[in-house]
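Reviewing the structure listed below.
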Amino acid sequence: MTTSTPLTKDLVNDPAYCRLDLRIGVTALDVMIYNPLEDNSLLLRHCELGADGGDSLKQLETFIYDNPLLLSDFKTTTAIIESRRFMAVPDAIADACDHIALLREADSDIDRRHTVIDDRLDTFGARLLTPADTPVVNFLRRTFPNIRLHNSIHPFTRYCHANLTKGNTVKVFVNMRGRSLDIVVMSSNSLHLLNRFEYRDINDAAFYILNCTEDISDEISEILIGGDREQRDALMPLLRKFRPYVMPMIFPSAMFRAGADAMKAPFDLIILPLCE
């Protein structure tokens, strides 16, 4: 189900100046078109996807073909893919091993036929390896020949690091969604934790964040919460009972000029233009 009118070619004067960014979630697709040179130019669309992989691919195909603007020649096209499975590894290991074999050592349910998305975390000398559904990847690459593919936690990690001060101060960054969260714990030169957690209740989310940061709690200067506002506002009072410095992440001021829909976009999607 889409939440608005189709994206027709008359909505954008010159796609060659625009970005096309897609967020392919576990249960939804979000599409953002934005011209960085033009105020109030952001277009946002949302489509629910089925839980079954085959149905999800068909819905993805249908949505893209039903919105002809998406098939225009954009300046850049990027897709971030939300995944329950990924692994952060040092560069030396990523360079020396078979990625699928390494991922299957950690999770034997990963299909050997998966395509691995290899995201660089150069600041930390690390890589983020994500097994992605090959039919989805093939469709995206056929439809958008120059598309860049990333794990959805990758731009969030880059954005958070760019907002750190130099030094060894450790901060926790959390991106909240309706039923899942991303957590990144880092200093300017060290990556302590990078993970995704699914929760049913906001108390579960609070427990997970507190538990996975317990061993380094004395080093943490601040916990910053972004993403879904309702979930964020419910989470912060729970964390403040046990951690002294819990604050909301500020919406990136550079994206206010993009238009009213900017505030409605998923956080890891709206920050994409600031991470490249």
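Using my numbering, you'd call the opening residue of the sequence shown number 941 and step up by one each time. Glycine included, every Cβ here is placed at the ideal spot set by N, Cα and C.
- DSSP places residue 1085 outside any alpha helix (DSSP H), giving it a letter other than H or E.
- Contact between residue 982 and residue 1194 fails: their C-beta atoms lie close to 12 Å from each other, not under 8 Å.
- Boundaries of the beta strand (DSSP E) harbouring residue 1137: 1131-1138, taken from the DSSP string.
- Between the C-alpha atoms of residue 997 and residue 1019 there is a straight-line separation of about 14 Å.
- Excluding residues up to 5 positions away in sequence, 1127, 1161 lie with their Cβ nearer than 7 Å to the Cβ of residue 1109 in the same chain.
- For the pair residue 1014 and residue 1068, the CB atoms are not nearer than the 8 Å cut-off.
- Note that the stretch 968-980 touches the stretch 1199-1213; at least 3 beta-carbon pairs, one per stretch, sit closer than 8 Å.
- In the three-state reduction of the DSSP assignment, residue 1028 falls in the strand class.
- By the criterion of at least three beta-carbon pairs nearer than 8 Å, the stretch 1101-1120 is not in contact with the stretch 1073-1088.
- Looking from the CA of residue 1140, the closest CA among 1074, 1213, 1118 belongs to 1118.
- Annotation note: the stretch 1035-1082 contains the following uninterrupted beta strand (DSSP E) runs of length 3 or greater, listed N- to C-terminal: 1055-1061, 1066-1072.
- Contact between the stretch 1165-1182 and the stretch 951-964 is absent, with fewer than three C-beta pairs closer than 8 Å.
- For residue 1097, the uninterrupted alpha helix (DSSP H) segment begins and ends at 1093-1102.
- In the three-state scheme derived from DSSP, where H, G and I count as helix and E and B as strand, residue 1115 is classed as strand.
- Here the alpha carbon of residue 976 sits roughly 11 Å from the alpha carbon of residue 955.
- Residue 1054 and residue 1072 have their alpha carbons spaced roughly 6 Å apart.
- Apart from the 5 residues on each side of it in sequence, residue 963 sits with its Cβ closer than 6 Å to the Cβ of 970, 1020, 1206, 1209 in its chain, given in chain order.
- Non-local beta-carbon contacts of residue 1049 in its own chain, meaning distances under 8 Å to residues more than five positions away in sequence, are absent.
- In the assembly as shown, residue 1149 is a buried residue. Its beta-carbon has 16 or more other beta-carbons within 10 Å.
- Take the alpha-carbon of residue 1213 and the one of residue 979: they are about 14 Å apart.
- Annotated three-state conformation of residue 1214 is helix, per DSSP.
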